[in-house]
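Numbering (the working numbering), first residue to last: 10 to 387.
Positions of the beta carbon are idealized from the N, C-alpha and C atoms, including for glycine.
As the structure is a computational prediction, the values presented were derived from the model and not from experiment.
These notes are about the structure you will find just below.
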């Protein structure tokens, strides 16, 4: 049922959508169509799920503008950017937690001894998962460096900006470290672990890291790199790119079919319904409820955002307690277990020149609000 329905393609800027649920999603379609018409995004693929089925699918605009225009399609694959964090890395870590490989509140350095350098001995795995580690947002990129080994060295040498547990600061270094933790504990590279233990069990056949060259025509390009070459099938995030395309914070490519499959399997597992989602229900509830240090008001699950300044994809009507995440390239997924709903938006808003960040933040908010209203959520 989730993979059924027409695959929507178009040949110009105008859009098209289907509404199998019967609710009025015309306001959602107008928001997406107008965003393309204004040039806020080159194109967009969107889906709304409710009560176990997709009730809205929309495809608008173009997959690529340069070097030649290409129409958007439902089957376009996108650079998921930071959606890699909760969907792959946090899930992989919690699978290992279920197996007893570590405790959430143990120091990271117990599993990665070199991590204790530069005052990081008190940072726990929970601190990494909730972004309360005190680490800076990213590795230094102002000087040229290359390779995973160099990235690992820089992670281990990173000095915290503030004490662990004090403040929520979103940091790619947290999830680079978690990716290294998964690799250390599993004995597998992160991309291979994800393929075997997450993508295959879920049947996500259109997803993975470092896509094959033959898939490039299906992938939405992002922007020009430092050598003035358009990035297509190569991860947009510069740190992940320097690391070879596989990292805990970015690197996943996926499409609407697979992300709908992921979202529905997650909601089914969390609700106690039959599901292929590769975690126990109790573990998934733990991941999607507040796990930040006591007394802190920025609410984070284990990998998932709940209520912070990043929570605009919740819109005005989905309740606090719903959860989701965004990706810098223009991707977002927000899920509400109370109404059994999700909103998926996939764009390559950075194509071709890296602009339109604020417009995409507003678009996510407005689409979520319109979708919730169409579903009767007050």
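- Taking the CA atoms as reference points, residue 48 sits about 33 Å from residue 60.
- Residue environment: residue 180 is assigned as buried (16 or more neighbouring CB atoms within 10 Å of its CB, all protein chains considered).
- Given a length threshold of 4 residues, each whole run of the alpha helix (DSSP H) inside the segment 183 to 218 is given here in chain order: 199 to 203.
- Sorting 306, 119, 298 by C-alpha distance to the C-alpha of residue 333 places 298 at the top.
- Looking at 39, 38, 365, the one whose alpha-carbon comes closest to that of residue 231 is 365.
- If you check the CB distance, residue 260 and residue 218 come in under 8 Å.
- Counting only runs of 3+ residues, the beta strand (DSSP E) found wholly inside the segment 35 to 96 occupies 52 to 59, 62 to 73, 86 to 88, in chain order.
- Bounds of the beta strand (DSSP E) holding residue 352 are 350 to 356.
- CA-to-CA, the gap between residue 198 and residue 311 works out to about 21 Å.
- Measuring C-alpha to C-alpha distances from residue 350 to each of 62, 33, 44 identifies 62 as the nearest.
- For residue 357, the number of other beta carbons within 10 angstroms of its own is at least 16, and it is reported as buried.
- Contact between residue 387 and residue 326 holds: CB atoms are separated by about 7 Å, below the 8 Å threshold.
- Under the DSSP assignment, residue 165 falls outside any beta strand (DSSP E), being part of the alpha helix (DSSP H) whose first and last residues are 157 to 166.
- Non-local beta-carbon contacts of residue 257 in its own chain, meaning distances under 6 Å to residues more than five positions away in sequence, involve 98, 184, 185, 187, 188 in chain order.
- Residue 205 is classed as exposed because its beta carbon has fewer than 16 other beta carbons within 10 Å across all chains shown.
- Assignment of beta-bridge partners to residue 333 by DSSP yields 314, 343.
- Contact between the segment 137 to 154 and the segment 164 to 180 is present: 3 or more CB-CB pairs across the two stretches fall below 8 Å.
- Under the three-state reduction of DSSP, residue 138 is assigned to helix.
- By the Cβ criterion, the segment 335 to 350 is not in contact with the segment 209 to 218, since fewer than three pairs of Cβ atoms, one from each stretch, lie closer than 8 Å.
- By the neighbour-count criterion, in which a residue is buried when 16 or more other Cβ atoms sit within 10 angstroms of its Cβ, residue 318 is exposed.
- With respect to the 8 Å criterion, residue 81 and residue 69 are classified as neighbours on the basis of their beta carbons.
- Pairing residue 193 with residue 120 gives a Cβ-Cβ distance under 8 Å.
- In the DSSP annotation of this structure, residue 33 is not part of any beta strand (DSSP E), being labelled neither H nor E.
- A buried status is given to residue 331, since no fewer than 16 other beta-carbon atoms sit within 10 Å of its beta-carbon.
- By the CB criterion at 8 Å, residue 93 and residue 117 fall outside the cutoff.
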